[in-house]
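Participant: In my numbering, the protein residues as written are 4 to 175.
Cβ atoms here follow ideal geometry from the backbone N, Cα and C, with glycine treated the same way.
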Amino acid sequence: MIPEPDYSDCEEKEDQRHSASAVATKRTTMISPQPNRQQHSSSNGHSEEEEDHIIAPRKLTNPCADSKEKKNLHRELLFNQKIGKNVLGQKSELKKAMDKFQEEQKRKELESEKLSKRTSLEKRLEEQANKIKMLEDQVIQEKSGTDDSPLGASQSEFHRVHAKVRARVDTQ
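#1: In whole angstroms, give me the CA-to-CA distance for I57 and N83.
#2: Taking the alpha-carbon positions, what's the S95 to K103 distance?
#3: What separation, rounded to the nearest whole angstrom, lies between the Cα atoms of D140 and E130?
#4: Which of the three DSSP states, helix, strand or coil, is assigned to L81?
#5: Looking at the C-beta of Q131, does it have a partner C-beta in chain B at a distance below 8 Å?
#6: Would the beta-carbon of V90 fall within 8 Å of that of L81?
#7: Taking DSSP as the reference, what is the three-state secondary structure of Q141?
#8: Assuming C67 contacts K73 under a Cβ cut-off of 8 Å, what Cβ separation, rounded to an integer in Å, is found between them?
#9: Give the secondary structure of I135 by DSSP, where H, G and I count as helix, E and B as strand, and everything else as coil.
#10: Using three-state DSSP, classify Q105 as helix, strand or coil.
#11: According to DSSP, is L113 helix, strand or coil?
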């Protein structure tokens, strides 16, 4: 069982404190000629005279918030926000698709501009290169066709029969 506190001791101490502060105020008024400086107790029970001698606590600085790196990063993020750039890369699906579409469109426009701004010499060189490629492709086809003509025919027949069989199996 917890005993009840004795309140009589506390009242006596408070009376002594009040009488001591009254005596202290009488002394200060007699000694110092300052006009009506009132001594009153603050909310925590200390008089102003006691508070003058107490060092007031200051808010501690946060080393993370005051670091140069954090300040530079914050400044950069604010700047990017002002210009509308999203540096975090958190885009919605729609935004990503729209950006991709716009990039493709710009690329196509650049290619069309490049094609339209070509000189006649560039056009002529491209035609010549295309013509050479076509001739090379024809030569390669002729070589493969003449050398492997019996095998080529049988291979193509094999592929046709195989495609027919697969088509039947897939439909069933």
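Facilitator: This is what the structure holds:
#1: One Cα belongs to I57, the other to N83, and the distance between them is close to 47 Å.
#2: 12 Å
#3: 15 Å
#4: helix
#5: Absence of chain B from the displayed structure is noted, only one protein chain being present.
#6: Not in contact: V90 and L81 (Cβ atoms no closer than 8 Å).
#7: helix
#8: 6 Å
#9: Look at I135 here: in three-state DSSP terms it is helix.
#10: Reduced to three states, the DSSP call for Q105 is helix.
#11: Per DSSP, reduced to three states, the secondary structure at L113 is helical.
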